[in-house]
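Contents: one structure, followed by commentary.
Number of protein chains: 2
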Amino acid sequence: MAKSKKQRSFLRIIPLGGLGEVGKNMLLLEWVERFATSGKILIIDMGLQFPGEDTPGIDFIIPNIKYLERKEKNIVGVIFTHGHYDHIGAIPYLIEKLKYPKLFAAPLTAGIIAKRQEEFPHLKKLDIKKIEPGGRIKLGPFKIEFIKMTHNIPDTFGLFILTPIGNLFHTADFKFDLTPLYDAPSNINKLKEFGERKILMLFSDSTGAENPGHSISEKNIQENLEEIFKKAPGRIIAATFASLINRVQQIIYLSEKYGRKVAIDGYTMKTNIDISRALNYLKIAEKTLINPKNISSFADKKITVLCTGAQGEERAILMKIANKRHPYIKLKKDDSVIFSSSVIPGNERTVQILKDNLLRQGAKVFHYKMMDIHAGGHAQKEELKKMLEIMRPKFFMPVHGQYSMLASHSEIAGEYGLEEKNIALAENGDIIRINSKKLSIEKRVVPSNYVMVDGLGVGDVGEIVLRDRQAMAKDGMFVIIAVIDRQTGKVKGNPDIISRGFIYLRESKQLLSETRKKVIEIVEQTTSSNGTVNWIYIKDQIRNKIGEFLFQKTQRRPMVLPVVIKV
Amino acid sequence: MAKSKKQRSFLRIIPLGGLGEVGKNMLLLEWVERFATSGKILIIDMGLQFPGEDTPGIDFIIPNIKYLERKEKNIVGVIFTHGHYDHIGAIPYLIEKLKYPKLFAAPLTAGIIAKRQEEFPHLKKLDIKKIEPGGRIKLGPFKIEFIKMTHNIPDTFGLFILTPIGNLFHTADFKFDLTPLYDAPSNINKLKEFGERKILMLFSDSTGAENPGHSISEKNIQENLEEIFKKAPGRIIAATFASLINRVQQIIYLSEKYGRKVAIDGYTMKTNIDISRALNYLKIAEKTLINPKNISSFADKKITVLCTGAQGEERAILMKIANKRHPYIKLKKDDSVIFSSSVIPGNERTVQILKDNLLRQGAKVFHYKMMDIHAGGHAQKEELKKMLEIMRPKFFMPVHGQYSMLASHSEIAGEYGLEEKNIALAENGDIIRINSKKLSIEKRVVPSNYVMVDGLGVGDVGEIVLRDRQAMAKDGMFVIIAVIDRQTGKVKGNPDIISRGFIYLRESKQLLSETRKKVIEIVEQTTSSNGTVNWIYIKDQIRNKIGEFLFQKTQRRPMVLPVVIKV
Numbered sequence: 000m001a002k003s004k005k006q007r008s009f010l011r012i013i014p015l016g017g018l019g020e021v022g023k024n025m026l027l028l029e030w031v032e033r034f035a036t037s038g039k040i041l042i043i044d045m046g047l048q049f050p051g052e053d054t055p056g057i058d059f060i061i062p063n064i065k066y067l068e069r070k071e072k073n074i075v076g077v078i079f080t081h082g083h084y085d086h087i088g089a090i091p092y093l094i095e096k097l098k099y100p101k102l103f104a105a106p107l108t109a110g111i112i113a114k115r116q117e118e119f120p121h122l123k124k125l126d127i128k129k130i131e132p133g134g135r136i137k138l139g140p141f142k143i144e145f146i147k148m149t150h151n152i153p154d155t156f157g158l159f160i161l162t163p164i165g166n167l168f169h170t171a172d173f174k175f176d177l178t179p180l181y182d183a184p185s186n187i188n189k190l191k192e193f194g195e196r197k198i199l200m201l202f203s204d205s206t207g208a209e210n211p212g213h214s215i216s217e218k219n220i221q222e223n224l225e226e227i228f229k230k231a232p233g234r235i236i237a238a239t240f241a242s243l244i245n246r247v248q249q250i251i252y253l254s255e256k257y258g259r260k261v262a263i264d265g266y267t268m269k270t271n272i273d274i275s276r277a278l279n280y281l282k283i284a285e286k287t288l289i290n291p292k293n294i295s296s297f298a299d300k301k302i303t304v305l306c307t308g309a310q311g312e313e314r315a316i317l318m319k320i321a322n323k324r325h326p327y328i329k330l331k332k333d334d335s336v337i338f339s340s341s342v343i344p345g346n347e348r349t350v351q352i353l354k355d356n357l358l359r360q361g362a363k364v365f366h367y368k369m370m371d372i373h374a375g376g377h378a379q380k381e382e383l384k385k386m387l388e389i390m391r392p393k394f395f396m397p398v399h400g401q402y403s404m405l406a407s408h409s410e411i412a413g414e415y416g417l418e419e420k421n422i423a424l425a426e427n428g429d430i431i432r433i434n435s436k437k438l439s440i441e442k443r444v445v446p447s448n449y450v451m452v453d454g455l456g457v458g459d460v461g462e463i464v465l466r467d468r469q470a471m472a473k474d475g476m477f478v479i480i481a482v483i484d485r486q487t488g489k490v491k492g493n494p495d496i497i498s499r500g501f502i503y504l505r506e507s508k509q510l511l512s513e514t515r516k517k518v519i520e521i522v523e524q525t526t527s528s529n530g531t532v533n534w535i536y537i538k539d540q541i542r543n544k545i546g547e548f549l550f551q552k553t554q555r556r557p558m559v560l561p562v563v564i565k566v
Numbered sequence: 000m001a002k003s004k005k006q007r008s009f010l011r012i013i014p015l016g017g018l019g020e021v022g023k024n025m026l027l028l029e030w031v032e033r034f035a036t037s038g039k040i041l042i043i044d045m046g047l048q049f050p051g052e053d054t055p056g057i058d059f060i061i062p063n064i065k066y067l068e069r070k071e072k073n074i075v076g077v078i079f080t081h082g083h084y085d086h087i088g089a090i091p092y093l094i095e096k097l098k099y100p101k102l103f104a105a106p107l108t109a110g111i112i113a114k115r116q117e118e119f120p121h122l123k124k125l126d127i128k129k130i131e132p133g134g135r136i137k138l139g140p141f142k143i144e145f146i147k148m149t150h151n152i153p154d155t156f157g158l159f160i161l162t163p164i165g166n167l168f169h170t171a172d173f174k175f176d177l178t179p180l181y182d183a184p185s186n187i188n189k190l191k192e193f194g195e196r197k198i199l200m201l202f203s204d205s206t207g208a209e210n211p212g213h214s215i216s217e218k219n220i221q222e223n224l225e226e227i228f229k230k231a232p233g234r235i236i237a238a239t240f241a242s243l244i245n246r247v248q249q250i251i252y253l254s255e256k257y258g259r260k261v262a263i264d265g266y267t268m269k270t271n272i273d274i275s276r277a278l279n280y281l282k283i284a285e286k287t288l289i290n291p292k293n294i295s296s297f298a299d300k301k302i303t304v305l306c307t308g309a310q311g312e313e314r315a316i317l318m319k320i321a322n323k324r325h326p327y328i329k330l331k332k333d334d335s336v337i338f339s340s341s342v343i344p345g346n347e348r349t350v351q352i353l354k355d356n357l358l359r360q361g362a363k364v365f366h367y368k369m370m371d372i373h374a375g376g377h378a379q380k381e382e383l384k385k386m387l388e389i390m391r392p393k394f395f396m397p398v399h400g401q402y403s404m405l406a407s408h409s410e411i412a413g414e415y416g417l418e419e420k421n422i423a424l425a426e427n428g429d430i431i432r433i434n435s436k437k438l439s440i441e442k443r444v445v446p447s448n449y450v451m452v453d454g455l456g457v458g459d460v461g462e463i464v465l466r467d468r469q470a471m472a473k474d475g476m477f478v479i480i481a482v483i484d485r486q487t488g489k490v491k492g493n494p495d496i497i498s499r500g501f502i503y504l505r506e507s508k509q510l511l512s513e514t515r516k517k518v519i520e521i522v523e524q525t526t527s528s529n530g531t532v533n534w535i536y537i538k539d540q541i542r543n544k545i546g547e548f549l550f551q552k553t554q555r556r557p558m559v560l561p562v563v564i565k566v
């Protein structure tokens with residue numbers, strides 16, 4: 000056939016996570032040479048997702064890497080855009096299966112990854128190549144140039160990727176903040192340079208794509224926080240994400256300015272601050288920090304407590320304070336509690352309860368709905384338009400976010416002027432195929448269902464286990480144990496019943512005794528009807544008939560589990 | 000003693016629900032004559048609350064009426080301020096226990112209550128006295144005058160209550176909307192008249208107290224909805240609460256204006272529309288309504304579907320449409336779906352998933368974060384100030400809302416000029432005692448813990464059942480059945496194991512066989528050590544040691560339930 004090389008080689012783009020959801024970001028770029036069926040694979044990020052109501056008891060959800068099975072040697076490297084867990088958190092669960100590929104990250108990102116790896120002592124220590132902004136590397140067919148982007152953690156990298164068919168740009172999580180604090184603004188001139196080198200495809204952060212206008216500058220946030228610091232009559236208790244290093248810096252800066260000592264509390268908060276400080280990303284005067292144990296040695300007006308728990312996490316410091324379970328910090332009437340973070344969808348009720356408990360104890364509570372004391376780390380509509388204008392890509396793919404965010408970002412790209420056929424509105428498990436001329440999508444061809452981490456198990460909790468958990472959460476369970484005489488087919492004694500989460504047993508004696516009677520009836524009807532005893536049939540009969548009986552009596556459907564013991 | 004009558008008689012105010020939460024509103028006013036310990040009781044509202052994550056499997060939560068036990072004959076009447084379920088929904092569960100007291104409500108409210116009562120055929124038909132705006136009744140020591148308030152359901156009543164110590168005003172749920180639609184604005188002159196008659200105590204709706212400014216007028220909402228109607232290229236599918244009768248009217252009005260037929264779908268939506276229409280609260284031309292079955296007989300541009308499900312409720316119509324389970328309505332690319340309601344805290348994730356599913360099928364989705372197509376029914380800060388200025392009360396009690404809302408409303412009252420000692424920042428179960436001079440609060444003296452409705456059971460699901468449900472939702476359960484020979488103390492055969500929600504059993508054969516072995520060991524160690532067999536001790540040993548073993552192996556803690564059968 001007379002097809003040219005260009006027509007036959009192509010780039011396969013496979014989102015394994017982060018598209019159609021917020022979290023577990025992981026993107027594959029696979030360069031496939033002509034005539035080949037698979038090629039060299041570059042991985043961008045390996046994040047985790049926090050569980051929701053639909054995944055009870057689960058610790059984390061991680062990307063499904065089935066597609067990479069037996070392709071480990073094709074992986075030319077893994078690049079981490081920044082140190083947030085939705086971009087790095089799945090490493091300990093995936094890295095061994097991927098046979099320890101080469102890892103690349105900025106110094107702070109590498110520090111956070113290495114520190115976390117220590118929590119998994121059975122794993123090998125990781126060898127992460129550190130990249131500075133402006134750095135360049137070559138990994139197989141990909142040449143990558145790293146550019147600093149503004150996000151809410153330092154050392155966030157955008158990626159300019161040269162491939163045989165053209166240049167790609169991946170924004171990572173970003174926003175344009177012309178007045179960020181403790182951080183240079185996104186390097187717009189450098190971005191424009193990339194744009195001028197021609198972008199075949201732009202991958203851009205969609206998390207803020209449904210929000211109109213421009214994200215709030217950190218400078219405004221700082222001004223509002225400063226108002227609180229100026230007026231606070233007693234202690235300030237500031238809760239935020241441990242990973243919002245820039246916010247942590249703001250609070251420490253203001254504490255120093257207003258003569259407050261800072262007590263840092265919470266394991267992840269301390270760890271992240273230690274790493275950031277060691278690498279010089281955080282400026283704290285030595286005398287500023289005090290041990291939470293010693294806060295009562297200082298006047299209340301001289302104290303800031305910086306802690307985790309703004310999401311209402313059960314075991315975090317702020318919850319301990321609110322519930323009077325903190326060993327050193329008891330709330331007082333003049334305390335000011337600052338929630339400097341947004342509420343993650345699903346946590347609204349818990350955060351409300353937390354806020355109420357703080358208020359009941361007389362504290363003053365400040366949160367982001369009252370005033371701008373938190374800004375997200377993500378570009379909003381106007382910023383996303385600006386990115387499109389700078390990059391002028393031929394193809395566009397919205398990444399990071401719920402489907403509604405990706406759809407909104409596609410609309411923005413449409414308004415900017417891209418044709419629908421050049422926009423990859425894709426989801427996890429799709430394969431997007433591009434060459435220099437054409438983009439096509441195959442829907443749902445790569446396994447992308449949830450892989451759940453629960454305790455030591457990775458991937459062993461599946462649909463069935465989850466469905467059972469949900470069923471028992473709803474109406475409980477009801478185990479019936481009948482001892483049956485093999486000879487006579489009769490029930491010996493009274494059947495045992497164990498039930499949890501269904502009714503309060505002590506107050507339901509009559510229902511239980513009726514149920515026992517019914518079980519005996521069912522067994523004896525079944526065993527007397529024919530010669531050989533069908534044990535499976537007996538169990539089915541108990542399950543169905545007792546289930547129906549309990550429903551009739553209570554309008555609840557506990558999980559009925561019959562056990563038949565033959566003696 | 001020389002104390003005057005005034006010093007000794009007093010009013011007891013007891014919130015049984017609605018304070019420190021959103022939902023299950025129920026307030027008692029008890030007039031206690033001097034020397035008496037209890038008195039005549041007026042009840043305002045009897046609402047229910049929808050369950051949350053912390054109450055899995057529960058249908059509703061209702062007020063705890065233990066305080067009213069053996070005081071049924073003291074109840075002079077129950078007044079319902081309006082027809083929303085958080086104000087009337089607990090009636091079928093409480094009315095019999097309260098021995099059918101006298102009920103009073105506006106015509107629409109009475110219609111909704113009566114219709115709901117039909118779902119409880121074992122209960123008596125209710126005799127509700129209908130009250131028109133401006134109506135007056137006398138109930139024991141209370142004289143009540145009813146005034147129309149603006150909310151998002153017609154026939155909402157504020158209550159001017161004359162008592163022997165002074166006048167009270169209860170706002171009910173309200174907002175000031177100077178340009179409401181299909182409804183007269185709150186009668187401000189009448190309110191001012193009440194204010195001039197002197198208000199001893201104001202009870203005012205706090206639901207919007209954390210929101211600055213003024214609530215959005217329904218006129219603006221209508222204008223924005225009209226923009227969508229003007230441009231929609233195909234069908235409009237509008238989802239809202241069935242109880243938002245005013246919104247329903249807007250959508251029907253716009254459909255008629257733009258020549259669209261309206262298909263109403265969803266049981267509660269249909270019922271509420273029927274009642275409102277029969278009582279003339281809804282204006283719909285006969286030819287407007289069509290059966291959802293027949294929507295394909297009309298051009299898409301001529302169709303509005305009006306349905307429930309804007310909260311992502313699993314069984315509501317919109318969810319069926321999104322999940323392709325609706326018999327007549329399949330989504331098309333040109334459909335416009337309107338979410339005309341706010342998202343109830345706790346439902347954010349579900350609504351996001353619903354929205355994503357609609358978008359995936361190509362529909363256009365409009366929701367209240369994109370534009371003002373929904374307004375709440377509750378006064379915001381400026382409106383609440385205005386109410387205080389009109390009523391100029393001596394005492395003030397914020398009602399309806401989370402603690403943070405009540406606290407914010409108290410702050411507003413403080414800014415308006417009330418002293419802290421005259422503000423009753425109270426919660427469910429507190430007793431507020433006032434006479435004409437003084438207000439005092441006793442905290443948490445009346446039972447106010449949750450009473451849960453689950454199937455046919457009212458109040459039988461308590462802390463223990465809920466805790467078990469939550470535990471099983473987290474890590475599942477693990478039942479071990481050991482048949483033990485009474486004589487030898489040895490386990491006969493292999494112990495049975497039933498587990499759900501813990502691990503996938505088929506893939507955990509080794510763990511199960513190790514566990515069985517361990518059970519046998521535990522039993523035989525325990526029974527061999529002494530002469531008499533302590534069966535309770537055996538069970539405890541199995542529970543603790545197997546629990547520990549499973550945790551060690553999996554880092555999960557299923558509920559371990561040992562059953563010992565002696566043969």
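From first to last, the protein sequence lines stand for chains E and D.
Each residue of the first sequence is one higher than the one before, starting from 0 at the first, in numbering that gives the first Met the number 0.
Each residue of the second sequence is one higher than the one before, starting from 0 at the first, in numbering that gives the first Met the number 0.
Beta carbons are placed, not taken as given, at the ideal position from N, Cα and C, and that holds for glycine.
Within-7 Å CB hit, residue i to chain D
{"i": "E:Tyr402", "result": "yes"}
{"i": "E:Met471", "result": "yes"}
{"i": "E:Val445", "result": "no"}
{"i": "E:Lys292", "result": "no"}
{"i": "E:Tyr503", "result": "yes"}
Three-state secondary structure assigned by DSSP to residue i
{"i": "E:Met45", "result": "coil"}
{"i": "E:Phe565", "result": "It is worth fixing the name first, because residue 565 of chain E is Lys in this sequence and not Phe. Correct three-state label for E:Lys565: strand."}
{"i": "E:His399", "result": "coil"}
{"i": "E:Lys189", "result": "helix"}
Proximity of residue i and residue j at Cβ, strictly below 7 Å
{"i": "D:Val77", "j": "D:Ile111", "result": "no"}
{"i": "E:Val532", "j": "E:Gly500", "result": "no"}
{"i": "E:Asp85", "j": "E:Gly22", "result": "yes"}
{"i": "E:Ile411", "j": "E:Leu438", "result": "no"}
{"i": "D:Ile541", "j": "D:Pro561", "result": "yes"}
{"i": "E:Thr155", "j": "E:Ala171", "result": "yes"}
Within-7 Å CB hit, residue i to chain E
{"i": "D:Asp474", "result": "yes"}
{"i": "D:Lys354", "result": "yes"}
{"i": "D:Ile236", "result": "no"}
Spatial neighbours of residue i in its chain, beta-carbon cut-off 6 Å, leaving aside the 5 residues before and after
{"i": "E:Asp484", "result": "Lys491"}
Same chain, Cβ closer than 7 Å to residue i, five either side skipped, listed in chain order
{"i": "E:Pro211", "result": "Gln379 and Lys380"}
Residue-level contact to chain B via CB, residue i, 7 Å cutoff
{"i": "D:Arg348", "result": "Note that chain B does not occur in the displayed structure, where the protein chains are E and D."}
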